[in-house]
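Chemist: Next up is a structure, given as structure tokens.
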Amino acid sequence: MVEAVMLWNEPNNLSHWDFHLDSDWKIFGQMVVAAAQRIRSVNPDLRIVLGGISPIDPHFFDLLGGQGVLDAVDVVAVHGFPLDWNHWKLDDWPQKIDEIRAVTHKPVWVSEAGASSFGADEVQLLGLQRTAQLLLPIVERVHWYS
Numbered sequence: 003m004v005e006a007v008m009l010w011n012e013p014n015n016l017s018h019w020d021f022h023l024d025s026d027w028k029i030f031g032q033m034v035v036a037a038a039q040r041i042r043s044v045n046p047d048l049r050i051v052l053g054g055i056s057p058i059d060p061h062f063f064d065l066l067g068g069q070g071v072l073d074a075v076d077v078v079a080v081h082g083f084p085l086d087w088n089h090w091k092l093d094d095w096p097q098k099i100d101e102i103r104a105v106t107h108k109p110v111w112v113s114e115a116g117a118s119s120f121g122a123d124e125v126q127l128l129g130l131q132r133t134a135q136l137l138l139p140i141v142e143r144v145h146w147y148s
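Counting the sequence shown from 1 gives a position; my numbering is that position plus 2.
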């Protein structure tokens with residue numbers, strides 16, 4: 003059963019979208035709106051998620067909102083790996099979610115969170131437990147990626 007469809011993955015990450023070629027994100031925004039419209043024409047009940055952004059950047063969602071992108075989706079998603087890649091602390095998760103909620107009324111999903119498997123098992127366990135403790139009470143979905 004398909005419960006949701008995510009449009010793009012880490013679009014604000016240069017390795018996933020060349021924002022040098024689309025510096026105002028208009029092409030990306032038009033693509034997301036067109037894809038959402040087509041999905042709704044086939045299955046109006048399917049939840050549409052704007053792909054997990056990395057880094058977590060509320061200004062990115064604010065920019066896309068001005069292009070009508072947030073009106074076309076049901077959920078926004080973020081990715082965070084504070085134990086590995088990000089320059090913020092694990093305990094900053096609630097603040098990161100609040101920053102996104104400040105610019106959109108859409109539900110926020112954490113579609114990637116995790117701790118790299120190249121580290122110690124104890125770090126993965128700590129990361130999983132603390133991430134769950136911080137996020138499960140405040141977001142609808144958390145997807146562990148490790």
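Where a beta carbon is used, it is the ideal one built from N, C-alpha and C, also for glycine. Note that the structure is predicted; figures quoted are calculated from it, not measured.
Beta carbon of Pro109, beta carbon of Glu142: below 8 Å?
Modeler: Within the sequence shown, the letter at position 107 stands for residue 109. Within the sequence shown, the letter at position 140 stands for residue 142. Closer than 8 Å, so yes.
Chemist: Buried or exposed, going by whether 16 or more other CB atoms sit within 10 Å of the CB of Lys2?
Modeler: Shown here, the chain extends from 3 to 148; a query on residue 2 therefore has no answer.
Chemist: Within 8 Å, do at least three Cβ pairs link the stretch 78-85 to the stretch 33-48?
Modeler: no
Chemist: Please look up how many angstroms separate the CB atoms of Glu114 and Tyr147, rounded, as I've assumed it's under 8 Å.
Modeler: Counting from one through the sequence shown, the residue named residue 114 turns up at place 112. Counting from one through the sequence shown, the residue named residue 147 turns up at place 145. At roughly 4 Å, the Cβ-Cβ gap stays under 8 Å, so Glu114 and Tyr147 are in contact.
Chemist: Please report the straight-line C-alpha distance between Leu9 and Arg132, rounded to a whole angstrom.
Modeler: As a working note, residue 9 is residue 7 in the sequence shown. As a working note, residue 132 is residue 130 in the sequence shown. If I take the Cα positions, the gap works out to 28 Å.
Chemist: What are the start and end residues of the alpha helix (DSSP H) that includes Trp95?
Modeler: Residue numbering aside, residue 95 sits at position 93 when the sequence shown is read from its first letter. Trp95 -> alpha helix (DSSP H) spans Trp95 to Arg103.
Chemist: Using the three-state DSSP reduction, which class does Lys29 fall into: helix, strand or coil?
Modeler: Mapped onto the sequence shown, residue 29 falls at position 27. The sequence shown places Ile at residue 29, not Lys. Looking at Ile29 - three-state DSSP - the assignment turns out to be helix.
Chemist: With a Cβ-Cβ cutoff of 8 Å, do Ile50 and Val75 count as a contact?
Modeler: Here residue 50 refers to the residue found at position 48 of the sequence shown. Here residue 75 refers to the residue found at position 73 of the sequence shown. Cβ atoms of Ile50 and Val75: closer than 8 Å.
Chemist: On a CA-only basis, which of Phe63, Leu16 and Ala117 is nearest Val34? Give me that one, please.
Modeler: Looking up residue 34 in the sequence shown gives position 32. Nearest of Phe63, Leu16 and Ala117 to Val34, Cα basis: Phe63.
Chemist: Specify the secondary structure class of Glu12 as computed by DSSP and reduced to three states.
Modeler: Your numbering for residue 12 matches position 10 in the sequence shown. In this structure, Glu12 counts as coil in the three-state DSSP scheme.
Chemist: Distance check for Glu12 and Glu124, CA to CA, integer angstroms please.
Modeler: Position 122 of the sequence shown, counted from the first residue, corresponds to residue 124. Position 10 of the sequence shown, counted from the first residue, corresponds to residue 12. Rounded to the nearest angstrom, the two C-alpha atoms are 28 Å apart.
Chemist: Apply the 10 Å Cβ neighbour rule to Phe120 and answer buried if 16 or more other Cβ atoms are within range, or exposed otherwise.
Modeler: Stepping through the sequence shown from its first residue, residue 120 is reached at position 118. When all chains shown are included, Phe120 counts as exposed.
Chemist: Can you grab the Cα-Cα spacing for the pair Asp26 / Gln32, in whole Å?
Modeler: Within the sequence shown, residue 26 is the residue found at index 24, counting from 1. Within the sequence shown, residue 32 is the residue found at index 30, counting from 1. When rounded, the distance between both Cα atoms is 11 Å.
Chemist: Which of helix, strand or coil does DSSP assign to Val35?
Modeler: Counting from one through the sequence shown, the residue named residue 35 turns up at place 33. DSSP places Val35 in helix when its eight states are reduced to three.
Chemist: What does the alpha-carbon distance come out to for the pair Leu130 and Gly116?
Modeler: As a working mapping, residue 130 is identified with position 128 in the sequence shown. As a working mapping, residue 116 is identified with position 114 in the sequence shown. C-alpha separation (whole angstroms): 7 Å.
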